[in-house]
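*Asks:* Per my numbering, the very first residue in the sequence shown carries number 3; after that it's consecutive. Note that the Cβ used here is the ideal one computed from N, Cα and C, for glycine as well. One structure, as structure tokens, below. Some questions next.
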Amino acid sequence: MTEIVNLSISQSAASELSRQASFGGSPGEMSIDLVEDKNCSEGWMHIKLRPGTSNGSPISRTEGVTLYADVKKFNLLKDLKLDYYGDLSGGGFLISTPKNAKRCSCGSGFKLL
Numbered sequence: 003m004t005e006i007v008n009l010s011i012s013q014s015a016a017s018e019l020s021r022q023a024s025f026g027g028s029p030g031e032m033s034i035d036l037v038e039d040k041n042c043s044e045g046w047m048h049i050k051l052r053p054g055t056s057n058g059s060p061i062s063r064t065e066g067v068t069l070y071a072d073v074k075k076f077n078l079l080k081d082l083k084l085d086y087y088g089d090l091s092g093g094g095f096l097i098s099t100p101k102n103a104k105r106c107s108c109g110s111g112f113k114l115l
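Following this line, the structure appears as structure tokens:
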């Protein structure tokens, strides 16, 4: 049985995911990964987004964009929210903090406690 991840994507995040997927040559398909940040102290995980499926399984679909992830990361992505902010100086994706985790000051990562 396939696990339900239920990762929610805000409208602003969906728009930016769609833009990046199209620009990256993979319209409507983006993958999300959680990678250990080597620049922070041990245990910090940050999101990494890239066009395509990266051989992952679909975890969310909205506004014409399907988000894929490695099934091994489903438990970490479960019930999180992906958002995007942008202004004149740039923009970036933000991810909510899971239960029993500490949020990174950048907003795109966390550390499990």
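What residues in its chain sit with their C-beta under 8 Å from that of residue 45, if we drop five residues either side in the sequence?
*Replies:* The residue given as residue 45 occupies position 43 in the sequence shown. 38, 113, 114, listed in sequence order.
*Asks:* What are the boundary residues of the beta strand (DSSP E) that residue 9 is part of?
*Replies:* Here residue 9 refers to the residue found at position 7 of the sequence shown. No beta strand (DSSP E) contains residue 9, which DSSP labels as neither H nor E.
*Asks:* With distance defined between alpha-carbon atoms, name the residue in 78, 32, 80, 66 nearest to residue 58.
*Replies:* Position 56 of the sequence shown holds residue 58. Measuring from the Cα of residue 58, the nearest candidate turns out to be 32.
*Asks:* Looking at residue 103: is its Cβ nearer than 8 Å to the Cβ of residue 67?
*Replies:* Position 101 of the sequence shown, counted from the start, is the residue given in the question as residue 103. Position 65 of the sequence shown, counted from the start, is the residue given in the question as residue 67. No.
*Asks:* Tell me residue 1's beta-bridge partners as DSSP assigns them.
*Replies:* As shown, the chain starts at 3 and ends at 115. That puts residue 1 outside it, with no answer to give.
*Asks:* Does any residue of chain C have a CB that is nearer than 8 Å to the CB of residue 77?
*Replies:* Among the chains in the structure shown there is no chain C, since it carries only a single protein chain.
*Asks:* Counting along the chain, where does the alpha helix (DSSP H) carrying residue 78 start and finish?
*Replies:* To locate residue 78, count along the sequence shown from 1; it is residue 76. Looking at the DSSP string, the run of the alpha helix (DSSP H) that includes residue 78 is 76-79.
*Asks:* Is it buried or exposed for residue 18, if we count other Cβ within 10 angstroms and need 16 for buried?
*Replies:* Working through the sequence shown from its first residue, we reach residue 18 at position 16. Buried is the call here.
*Asks:* Just to confirm, are residue 110 and residue 96 a CB contact at a threshold of 8 Å?
*Replies:* By one-based count along the sequence shown, residue 110 stands at place 108. By one-based count along the sequence shown, residue 96 stands at place 94. In this structure, residue 96 lies closer than 8 Å to residue 110 by Cβ.
*Asks:* Roughly how many angstroms lie between the CA atoms of residue 53 and residue 27, to the nearest whole one?
*Replies:* Counting from 1 along the sequence shown, the entry for residue 53 is found at position 51. Counting from 1 along the sequence shown, the entry for residue 27 is found at position 25. Roughly 7 Å between the two C-alpha positions.
*Asks:* Going by C-alpha distance, which of 15, 74, 50, 105 is nearest residue 88?
*Replies:* Your numbering for residue 88 matches position 86 in the sequence shown. Measuring from the Cα of residue 88, the nearest candidate turns out to be 15.
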